[in-house]
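If you're matching them up, the sequences are chains A and B in order. Reminder that position 297 of the first sequence reads as 297 in the numbering used here, one-by-one numbering, no gaps. Reminder that position 250 of the second sequence reads as 647 in the numbering used here, one-by-one numbering, no gaps. Don't be surprised by glycine CBs; every beta carbon is placed ideally from N, CA and C. It should be emphasised that the depicted structure is a prediction, and the values quoted were computed from it without experimental measurement.
There are 2 protein chains.
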Amino acid sequence: MHTADPFLFQLFFIFVWAKLFGEVFERLRLPAVLGEILAGVVIGPYGAGLVVPTDAIYAIAGIGAIFLLFTVGLETQPKDLISVGRTSLYVALAGIALPLLLGYTYMIARHHPPHEALFVAAAMMATSVGITARVLGDLQVTQTRAARIVLGAAVFDDVLGMIVLAVVVGIVSSTGLEWAQLLITAIEAVGFALIMMFYAPRVVRRMEPGMERMSTRDAPLIIALAICLGLSYAAVKIGMAAIIGAFFAGLAFAEYSPRWNLRERVFSINEFLAPFFFFSMGARLNMGVFDRRLVVSAIVISVLAILSKLIGCGLPVLRAGWKTAAKVGVGMVPRGEVGLIVALVGLQMNIVSETAYALVIFMTGITTLVAPPIMKVLFRKDMVSQPALLERRKTAM
Amino acid sequence: MHTADPFLFQLFFIFVWAKLFGEVFERLRLPAVLGEILAGVVIGPYGAGLVVPTDAIYAIAGIGAIFLLFTVGLETQPKDLISVGRTSLYVALAGIALPLLLGYTYMIARHHPPHEALFVAAAMMATSVGITARVLGDLQVTQTRAARIVLGAAVFDDVLGMIVLAVVVGIVSSTGLEWAQLLITAIEAVGFALIMMFYAPRVVRRMEPGMERMSTRDAPLIIALAICLGLSYAAVKIGMAAIIGAFFAGLAFAEYSPRWNLRERVFSINEFLAPFFFFSMGARLNMGVFDRRLVVSAIVISVLAILSKLIGCGLPVLRAGWKTAAKVGVGMVPRGEVGLIVALVGLQMNIVSETAYALVIFMTGITTLVAPPIMKVLFRKDMVSQPALLERRKTAM
Numbered sequence: 001m002h003t004a005d006p007f008l009f010q011l012f013f014i015f016v017w018a019k020l021f022g023e024v025f026e027r028l029r030l031p032a033v034l035g036e037i038l039a040g041v042v043i044g045p046y047g048a049g050l051v052v053p054t055d056a057i058y059a060i061a062g063i064g065a066i067f068l069l070f071t072v073g074l075e076t077q078p079k080d081l082i083s084v085g086r087t088s089l090y091v092a093l094a095g096i097a098l099p100l101l102l103g104y105t106y107m108i109a110r111h112h113p114p115h116e117a118l119f120v121a122a123a124m125m126a127t128s129v130g131i132t133a134r135v136l137g138d139l140q141v142t143q144t145r146a147a148r149i150v151l152g153a154a155v156f157d158d159v160l161g162m163i164v165l166a167v168v169v170g171i172v173s174s175t176g177l178e179w180a181q182l183l184i185t186a187i188e189a190v191g192f193a194l195i196m197m198f199y200a201p202r203v204v205r206r207m208e209p210g211m212e213r214m215s216t217r218d219a220p221l222i223i224a225l226a227i228c229l230g231l232s233y234a235a236v237k238i239g240m241a242a243i244i245g246a247f248f249a250g251l252a253f254a255e256y257s258p259r260w261n262l263r264e265r266v267f268s269i270n271e272f273l274a275p276f277f278f279f280s281m282g283a284r285l286n287m288g289v290f291d292r293r294l295v296v297s298a299i300v301i302s303v304l305a306i307l308s309k310l311i312g313c314g315l316p317v318l319r320a321g322w323k324t325a326a327k328v329g330v331g332m333v334p335r336g337e338v339g340l341i342v343a344l345v346g347l348q349m350n351i352v353s354e355t356a357y358a359l360v361i362f363m364t365g366i367t368t369l370v371a372p373p374i375m376k377v378l379f380r381k382d383m384v385s386q387p388a389l390l391e392r393r394k395t396a397m
Numbered sequence: 398m399h400t401a402d403p404f405l406f407q408l409f410f411i412f413v414w415a416k417l418f419g420e421v422f423e424r425l426r427l428p429a430v431l432g433e434i435l436a437g438v439v440i441g442p443y444g445a446g447l448v449v450p451t452d453a454i455y456a457i458a459g460i461g462a463i464f465l466l467f468t469v470g471l472e473t474q475p476k477d478l479i480s481v482g483r484t485s486l487y488v489a490l491a492g493i494a495l496p497l498l499l500g501y502t503y504m505i506a507r508h509h510p511p512h513e514a515l516f517v518a519a520a521m522m523a524t525s526v527g528i529t530a531r532v533l534g535d536l537q538v539t540q541t542r543a544a545r546i547v548l549g550a551a552v553f554d555d556v557l558g559m560i561v562l563a564v565v566v567g568i569v570s571s572t573g574l575e576w577a578q579l580l581i582t583a584i585e586a587v588g589f590a591l592i593m594m595f596y597a598p599r600v601v602r603r604m605e606p607g608m609e610r611m612s613t614r615d616a617p618l619i620i621a622l623a624i625c626l627g628l629s630y631a632a633v634k635i636g637m638a639a640i641i642g643a644f645f646a647g648l649a650f651a652e653y654s655p656r657w658n659l660r661e662r663v664f665s666i667n668e669f670l671a672p673f674f675f676f677s678m679g680a681r682l683n684m685g686v687f688d689r690r691l692v693v694s695a696i697v698i699s700v701l702a703i704l705s706k707l708i709g710c711g712l713p714v715l716r717a718g719w720k721t722a723a724k725v726g727v728g729m730v731p732r733g734e735v736g737l738i739v740a741l742v743g744l745q746m747n748i749v750s751e752t753a754y755a756l757v758i759f760m761t762g763i764t765t766l767v768a769p770p771i772m773k774v775l776f777r778k779d780m781v782s783q784p785a786l787l788e789r790r791k792t793a794m
């Protein structure tokens, strides 16, 4: 209500347009997220200029990013990580190493500064499991071996991606590239990840009786939110990105998320905040930077992003036949919110230029658009060969 | 993440302190809301000065106010309004008229400007049903006649309060006091209320099949949020306060709230946003303005606020015996978020001075603190005389 008019107007206007574009994309069977970003591009300051988000909107978008990653963490059950086995770990490792390597090499070859190259490469590494999971769910093939490997690998992928991002931010924040410093940051990040995955849930477990004795209504949600905000701030304080803290806070509560209904409740908060984040991502994209040279770069980066996941994630499972390898590879292709947020962190640290930011948005869009239809073709046979499941589906209706 | 450091720090710091104070208050069996406000007074710029909320925090607090009133609207079922009958309507009407009259007269007598007097009087009129409902629920006496009258009257009270607030804002916004203008505003406000209560739910009902066909996930929540933001903005645009629009948006969805699980989901959003609102309310309170004269005024205003509800709400039910009248009167005493928001609207319109704002906060605190213990004494007998309920309670445990 402070500075009521323009702020309230933007809240309403952005929310409605983001959701409208999202709805249209859903109807075209495209990911809603891309629609919400496109709304920002089309209506935002570099497009029609109908709305120029104020600082307050960007602040809300920032909270949206924090809660998005908090949700990703909440959905990452350390237990699953242990059960999915080595195959998924190898898939995730190779699927992170190859995009980093290819992305960095290409960006350096195109004479981008090393720090910027590192950020673009980091944005190329993280698979967005949401889009893949949804396609697999729609096809009712989540129980196939390939699908299980993909979903398991995506969990590792998130954790590894966050560790790499922490290291990248650490490298970029420090003056010059000192290998000793880099090693310390890497150890810190891995240690942080391990603590949040294996020790923090125990602390939460021990806190449980006390939490349920608390007089505050919804104590578990309140404490989870407080820890999410606290770790986000702590992450910034020690030179990482806020979202890294939010992600690890989610990990700590992942085990108790079903019992306390945390996921659904944080989800409700997301439903309100996330559109502002995705819209803002689009609003920051200056379409004017796309000259011929950048379009070539964007296409090459997108192709590299697709090939690196196809090969990196496909190779470790080649023994199971090329069809399984193809399924796993394609399933790992879509990049999403994590890549976007990495680009945003770089933009805010003044390391990623407008052009590199545009590359990342373009790459995210292409990978997200390309993968689902191919997945549908590849997994079609599994669908037909599972009459029992189809039967079950019918009786359920 | 924009201007990450101070903003993130404030988010974390304010959330944690508000909730800590809230928890302490709950343990002392006092309303948590007062604790969250006190956190703002103690830690905020006029207190220890540990945190000076930025514009972004005030923006979030503003959204918090909107969602608070949206929830109040969601909980106001027009059906209940019709069923509770005339007694509740009379209780609500007299319970609004008397505080307005007494408050306005006293403020004018103390040489406050008429507009300011009007705002303080308006802040004195609205009962906060949340606190009363909770006490009645704890005592398990919600089924007594007195409790049903109170809960019914509180529903009317909200709607009538919003209409009066709309008129007050209308009066203050227009230049000079024109009676024709005033009449038009009053008719507009009443018409708006009637439409949102009786026509809008039908529109929602007709929209329902379309909503469930929509591809967007959680379409009902998204549409409810969009309409809440839209009506808030529209209310500001036509010269009312944003919260009035939010309240009426809630009314329109009240009927469908249980089916779509709206209340619980907006509640999750509230859990995150409301602490910023209450903290900000406290942070705006300059304790330095409390000189001897203001303390006297604050006590008088508080006494008037209590007496006016006791008498205004007690008289219409005096026929049912003075005990029932006392129960109804005391049950209507606590003022809460609506009064606070009225004061805030006045502060932001530069009509309410720091001293008048302090009066309202003081009055809200006193009425909220005084009523629950008296209610417990008055309703104790009903509790003992309901062995069946107590029995049911035991077996449920």
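Query: Closer than 7 Å, Cβ to Cβ, to anything on chain A: give me those residues from the stretch 611-644 of chain B, in chain order.; Result: M611, S612, T613, D615, L618, I619, L622, A623, L626, G627, S629, Y630, V633 and A639
Query: Cβ atoms of A/I163 and A/V204: under 8 Å apart, would you say?; Result: no
Query: Enumerate in chain order the residues of its own chain whose CB-to-CB distance from A/C228 is below 6 Å, with the five nearest sequence positions on each side excluded.; Result: F70, A246 and A249
Query: Of all the CB atoms in chain B, is at least one closer than 8 Å to the CB of A/S308?; Result: no
Query: Which residues of the stretch 158-187 of chain A have a Cβ closer than 8 Å to any Cβ of chain B? Give them in chain order.; Result: none
Query: Report the rounded CA-to-CA distance for B/A590 versus B/V569, giving the unit in angstroms.; Result: 20 Å
Query: Classify A/R29 as helix, strand or coil using the three-state DSSP reduction.; Result: coil
Query: Just the C-alpha distance for A/I269 and A/G62, rounded to the nearest angstrom, thanks.; Result: 13 Å
Query: Can you tell me which residues form a DSSP beta bridge with B/R732?; Result: B/T524
Query: Measure the alpha-carbon distance for B/R789 versus A/I187 and round it to whole angstroms.; Result: Since pLDDT at B/R789 reaches only 45, below the 50 mark, its modelled position is unreliable, and the value read off the structure follows with that caveat. Roughly 58 Å separates the two Cα atoms.
Query: Could you compute how far the alpha carbon of B/V725 sits from the alpha carbon of B/L580?; Result: 32 Å
Query: Would you kindly report the start and end of the unbroken alpha helix (DSSP H) that includes A/D158?; Result: R145 to S173
Query: Going by CA-CA distance only, name the one from A/L100, A/I108, A/G170 and A/Y58 that's closest to B/L405.; Result: A/Y58
Query: Quick check: B/R732 and B/T765, are their CB atoms within less than 8 Å of each other?; Result: yes
Query: Below 7 Å CB to CB, which residues in the same chain sit around A/L89 once its five sequence neighbours on both sides are set aside?; Result: F156
Query: Spell out whether any CB of chain A is found under 8 Å from the CB atom of B/A755.; Result: no
Query: Counting pairs of Cβ atoms below 8 Å between the stretch 291-306 of chain A and the stretch 359-379 of chain A, do you hit three or more?; Result: yes
Query: Here's the rule I'm using: 16 or more other beta-carbon atoms within 10 Å means buried, otherwise exposed. How should B/R424 be labelled?; Result: exposed
Query: Give the straight-line distance between the Cα atoms of A/P220 and B/I528, rounded to the nearest whole angstrom.; Result: 22 Å
Query: Shortest alpha-carbon distance to B/I592 belongs to which of B/F409, B/L628, B/K634 and B/L737?; Result: B/L628
Query: Reducing DSSP to helix, strand and coil, say where A/N270 ends up.; Result: helix
Query: Determine which residues of the stretch 649-675 of chain B have a Cβ less than 7 Å from any Cβ of chain A, and write them out in chain order.; Result: R662, S665, I666, E668 and F669
Query: What separation, rounded to the nearest whole angstrom, lies between the Cα atoms of A/R380 and A/R134?; Result: 15 Å
Query: With H, G and I counted as helix, E and B as strand and the rest as coil, what does DSSP make of A/R284?; Result: coil
Query: Could you give the residue range of the alpha helix (DSSP H) that holds A/W179?; Result: W179 to L194
Query: By the DSSP assignment, the alpha helix (DSSP H) with B/S694 in it spans what residues?; Result: R689 to G711
Query: Helix, strand or coil, according to DSSP, for B/W719 in the structure here?; Result: helix
Query: Check the Cβ-Cβ distances between B/G419 and every residue of chain A, and say whether any is below 8 Å.; Result: yes
Query: Examine chain A for any beta-carbon lying closer than 8 Å to the beta-carbon of B/A453, and answer yes or no.; Result: yes
Query: Is it true that the CB of B/V413 sits closer than 8 Å to the CB of A/A226?; Result: yes
Query: Assess contact between the stretch 531-549 of chain B and the stretch 498-515 of chain B, defined as three or more Cβ pairs (one per stretch) separated by less than 8 Å. Is contact present?; Result: no
Query: Report yes if the CB atom of A/T127 is closer than 8 Å to the CB atom of A/K376, and no otherwise.; Result: no
Query: Would you decide whether B/I457 is buried or exposed? Buried here means 16 or more other CB atoms lie within 10 Å of its CB.; Result: buried
Query: What in chain A is Cβ-close to B/R424, meaning under 7 Å?; Result: S215
Query: Quick one: is the Cβ of A/H111 within less than 7 Å of any heavy atom of the ligand FAD?; Result: This structure lacks the ligand FAD, and indeed carries no ligand of any kind.
Query: Just mark B/R662 as buried or exposed, buried being the case when its beta carbon has 16 or more other beta carbons within 10 Å.; Result: buried
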